[in-house]
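Quick note, the sequences are listed as chains A and B, same order. For the first sequence, the numbering used here assigns the number 1 to the initial residue and increments by one for each residue that follows. For the second sequence, the numbering used here assigns the number 1001 to the initial residue and increments by one for each residue that follows.
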Amino acid sequence: MPETNTTLAGQRRLLWRTAEVRQVIDETPRVRSLVLNVLGWPTHRPGQHVDVRLTAEDGYQAQRSYSIASAPEAPQLTLTVERIDDGEVSPYLATEVRVGDRFEVRGPIGGYFVWTAALGGPLFLIAGGSGIAPLMAMLRHRAAAGSHVPALLLYSSRTFSDIIYREELNRLAALGDGPRVFHTLTRQQPAGWTGAARRIDRDMLAEIGIAATAQPRIFVCGPTSLVEQTTQSLLALGHEATMIKTERFGPTGALR
Amino acid sequence: MSLDESSTPAGPLDGNAAAGLLRDVFVFDATSATLTCGGCGAIAQVGSARLYGGLMGAVLRCTHCDTALLRVARTPMGLWLDMQGARNLMIRLDNEVLGDA
């Protein structure tokens, strides 16, 4: 037994691996996706994150965590990064990074905020801003795995042009058993907008959400205020605390 | 969303954000393990506790009674783990926990 444990520990140690940028996708004016090749990357589960470490020429290191946006089935690892103007890491990742650049990643990390098709549904996802990233990994996995569990995404963005993965979400929603996708725009709405136009609140969750009686697995990711308000509303609507998993950004709203 | 290298963010995060730091201590993903609070007896997954701190050290507190369940500190001497406020830690040995690496 001790020997087994030693082996287990040896295998389980998280290693820093070199990631090479293969593609850069402009998602919105402030958000980019980086498609990475990571040699020896073990598979991940949707909702997990990675640590990213940048090392300057003088040896100074900065580290941040980013959610994985790609499905485990995808051949490459995708991170979606929002530029935070006074950030140490995100200005590089979201602005300066070029195809061929390399940096270090370790992971996958976390097993709590995770959904796999095997866990079943219904799946009720609630995102604010770049909090969509780990939930997108779940929706991409759901499609890639051929899962038919009912799924609903409620996604709050500031403006139409701030909606990340907009076209891919439209495509997923248009599939026969695709997820229902419901947008709300909190700051500005284009002419003819048919979605909601306010912050996520209890009425919205009651009106378009999955009822507590259906016992959905709920994942909420976004700024602290959105996560806390949404969680309180969900509890008031009768959802069990154990069915609600949350991942909040820091108080600055930074995806760190 | 996750711990950064600054010492103290202005507010608590989810215990889930400590996954990377705890991964330096435990060979399994501790955020999916279950803690029993030594203060009030509440049982909850580590990932759902309230998290204060940064990469150099973190405190997980019970969401019901605020007891410090678990502290991790990274010092020049090494990693410190203090679980005085927790009655026990239950790790399910299935893919939920071990499948992360």
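Cβ atoms here follow ideal geometry from the backbone N, Cα and C, with glycine treated the same way.
CA-CA distance, residue i and residue j?
{"i": "Arg-248 (chain A)", "j": "Cys-221 (chain A)", "result": "6 Å"}
{"i": "Val-105 (chain A)", "j": "Arg-217 (chain A)", "result": "29 Å"}
{"i": "Met-243 (chain A)", "j": "Gln-215 (chain A)", "result": "8 Å"}
{"i": "Ala-236 (chain A)", "j": "Thr-230 (chain A)", "result": "10 Å"}
{"i": "Glu-20 (chain A)", "j": "Val-38 (chain A)", "result": "7 Å"}
{"i": "Thr-55 (chain A)", "j": "Cys-1062 (chain B)", "result": "36 Å"}
{"i": "Pro-150 (chain A)", "j": "Glu-240 (chain A)", "result": "19 Å"}
{"i": "Leu-1081 (chain B)", "j": "Pro-46 (chain A)", "result": "29 Å"}
{"i": "Trp-193 (chain A)", "j": "Ala-1042 (chain B)", "result": "45 Å"}
{"i": "Pro-190 (chain A)", "j": "Gly-1057 (chain B)", "result": "45 Å"}
{"i": "Asp-101 (chain A)", "j": "Thr-1036 (chain B)", "result": "45 Å"}
{"i": "Gly-129 (chain A)", "j": "Gln-188 (chain A)", "result": "14 Å"}
{"i": "Leu-153 (chain A)", "j": "Gly-131 (chain A)", "result": "12 Å"}
In chain A, which residues lie less than 7 Å from residue i when you measure between Cβ atoms?
{"i": "Asn-1016 (chain B)", "result": "Gly-110, Tyr-112, Phe-113, Glu-247"}
{"i": "Thr-1031 (chain B)", "result": "Gly-110, Gly-111, Tyr-112"}
{"i": "Arg-1023 (chain B)", "result": "Leu-14, Ile-109"}
{"i": "Gln-1045 (chain B)", "result": "Tyr-112"}
Does the separation of the CB atoms of residue i and residue j fall below 7 Å?
{"i": "Ala-998 (chain B)", "j": "Leu-1051 (chain B)", "result": "In this structure chain B extends from 1001 to 1101, so residue 998 (chain B) is not present and cannot be described."}
{"i": "Leu-135 (chain A)", "j": "Leu-119 (chain A)", "result": "no"}
{"i": "Ile-210 (chain A)", "j": "Gly-1020 (chain B)", "result": "no"}
{"i": "Ser-156 (chain A)", "j": "Ile-208 (chain A)", "result": "no"}
{"i": "Pro-75 (chain A)", "j": "Leu-139 (chain A)", "result": "no"}
{"i": "Arg-202 (chain A)", "j": "Ser-233 (chain A)", "result": "yes"}
{"i": "Ser-33 (chain A)", "j": "Thr-78 (chain A)", "result": "yes"}
{"i": "Thr-186 (chain A)", "j": "Ala-133 (chain A)", "result": "no"}
{"i": "Ala-144 (chain A)", "j": "Ala-71 (chain A)", "result": "yes"}
{"i": "Val-35 (chain A)", "j": "Gln-23 (chain A)", "result": "yes"}
{"i": "Leu-14 (chain A)", "j": "Arg-1087 (chain B)", "result": "no"}
{"i": "Ala-1033 (chain B)", "j": "Val-1025 (chain B)", "result": "no"}
Residues of chain A with CB under 9 Å from residue i, in chain order?
{"i": "Leu-1013 (chain B)", "result": "Thr-224, Glu-247, Arg-248, Phe-249, Gly-250"}
Please return the same chain residues whose Cβ sits closer than 8 Å to the Cβ of residue i, not counting the five positions on each side in sequence.
{"i": "Arg-30 (chain A)", "result": "Glu-82, Arg-83, Ala-94, Asp-162"}
{"i": "Thr-28 (chain A)", "result": "Ser-161, Asp-162, Ile-163, Ile-164"}
{"i": "Ala-197 (chain A)", "result": "Thr-184, Leu-185, Thr-186, Gln-189"}
{"i": "Leu-175 (chain A)", "result": "Ala-143"}
Run down chain B in chain order and give the residues with a C-beta less than 9 Å from the C-beta of residue i.
{"i": "Asp-85 (chain A)", "result": "Within 9 Å Cβ-Cβ: nothing; Asp-85 (chain A) doesn't reach chain B, min ~15 Å."}
Quick one: list the residues of chain B neighbouring residue i, beta-carbon separation under 7 Å, in chain order.
{"i": "Asp-51 (chain A)", "result": "Gly-1020"}
Here's a check: name, in chain order, each residue in its chain whose Cβ is nearer than 6 Å to the Cβ of residue i, leaving out the five neighbours to either side.
{"i": "Leu-169 (chain A)", "result": "Val-181"}
{"i": "Gly-1085 (chain B)", "result": "Gly-1038, Thr-1067, Ala-1068, Leu-1069"}
{"i": "Leu-1060 (chain B)", "result": "Gly-1015, Ala-1049, Leu-1051, Leu-1069, Leu-1070"}
{"i": "Ile-25 (chain A)", "result": "Ser-33"}
I want to check one thing, is the minimum distance from the CB of residue i to the heavy atoms of the ligand ZN below 6 Å?
{"i": "Ala-94 (chain A)", "result": "The ligand content of the structure shown is nil, which means the ligand ZN is not present either."}
Beta-carbon within less than 7 Å of residue i's beta-carbon, same chain only, minus the 5 sequence neighbours each way: which residues are those?
{"i": "Gly-40 (chain A)", "result": "Arg-17"}
{"i": "Ala-212 (chain A)", "result": "Leu-237, Gly-238, His-239"}
What are the uninterrupted segments assigned as beta strand (DSSP E) that are 3 or more residues long and contained completely in the stretch 97-174 of chain A, given in chain order? 102-109, 123-128, 151-157
What runs of the beta strand (DSSP E), each 3 residues or longer, lie entirely inside the stretch 1017-1075 of chain B? 1034-1037, 1043-1045, 1050-1054, 1057-1061, 1068-1075
Segments of 3+ residues assigned as beta strand (DSSP E) that fall wholly inside the stretch 16-99 of chain A: 17-28, 31-38, 49-55, 61-67, 77-82
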